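Heads up, the thing below is written out as structure tokens.
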Amino acid sequence: MTAKNLQIATVGGGCFWCTEAVFQEVKGVEKVVSGYSGGQVPGKPTYREICSGLTGHAEVIQITFDANVVSFETILIIFMTTHDPTTLNQQGADKGTQYRSVIFYHTEDQKQIAEAVLEALSEYYKASIVTEITELEVFYDAEDEHQNYYRTHPTQGYCSFVITPKLAKLRQLHADKLK
75 MTAKNLQIAT VGGGCFWCTE AVFQEVKGVE KVVSGYSGGQ VPGKPTYREI
125 CSGLTGHAEV IQITFDANVV SFETILIIFM TTHDPTTLNQ QGADKGTQYR
175 SVIFYHTEDQ KQIAEAVLEA LSEYYKASIV TEITELEVFY DAEDEHQNYY
225 RTHPTQGYCS FVITPKLAKL RQLHADKLK
């Protein structure tokens with residue numbers, strides 16, 4: 075058996091409950107943690123502070139994945155095709171910089187792959203992709219009640235009406251990449 079090649083990806087595509095639920099389904103993903111990144115306010119922010127839009131942080135997820143099973147490129151393709159990367163600071167009804175589309179790279183190699191993926195996918199969208207590619211400075215875990223949210227609350231209204239359709243899209247587009 076081959077040793078695992080664990081790597082980390084950090085992305086934000088609107089509400090972290092949605093992106094967390096998507097990546098918990100992907101083969102090779104070992105762990106998904108909801109959190110915050112990209113803001114100017116020092117110290118660990120709270121969900122309430124993030125929702126104010128005043129911290130500059132985005133709702134993000136940090137994905138620990140086995141690169142022997144799923145590549146960083148595939149992680150980004152799944153990310154880019156399960157949210158709308160063409161709406162600035164908005165995903166559906168969620169509006170504000172905390173809901174921006176962003177890839178936080180951990181290495182120069184990740185930065186180059188992110189740039190190539192965005193370039194390659196740009197022809198598939200009518201509008202321009204507005205996803206930021208930014209170096210990760212710090213990642214803060216979100217509060218416990220935001221972890222595994224969809225799995226804990228699958229019948230909650232937001233989950234039923236927003237996350238369940240995203241998961242259906244994931245299954246349609248990337249069935250061969252799922253657990």
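Convert by adding 74 to the 1-based position in the sequence shown; the result is the number in this note's numbering.
Beta carbons: idealized from backbone N, C-alpha and C, even for Gly.
Just so you know, these numbers come straight off a predicted model, no measurement behind them.
- The DSSP-derived three-state label of residue 108 is strand.
- Note on residue 231: under 16 other CB atoms within 10 angstroms of its CB, so exposed under the neighbour-count rule.
- DSSP places residue 202 outside any alpha helix (DSSP H), giving it a letter other than H or E.
- The segment 95 to 112 makes contact with the segment 134 to 151: 3 or more CB pairs, one atom from each, lie closer than 8 Å.
- Of the candidates 113, 205, 130, 115, 205 places its Cα closest to the Cα of residue 158.
- Considering only 164, 138, 186, 131, the residue with the shortest C-alpha distance to residue 105 is 138.
- If you draw a straight line from the Cα of residue 217 to the Cα of residue 132, it is about 14 Å long.
- Put simply, the backbone Cα of residue 114 is about 25 Å away from that of residue 186.
- Straight across, the Cα-Cα distance linking residue 92 with residue 154 is about 13 Å.
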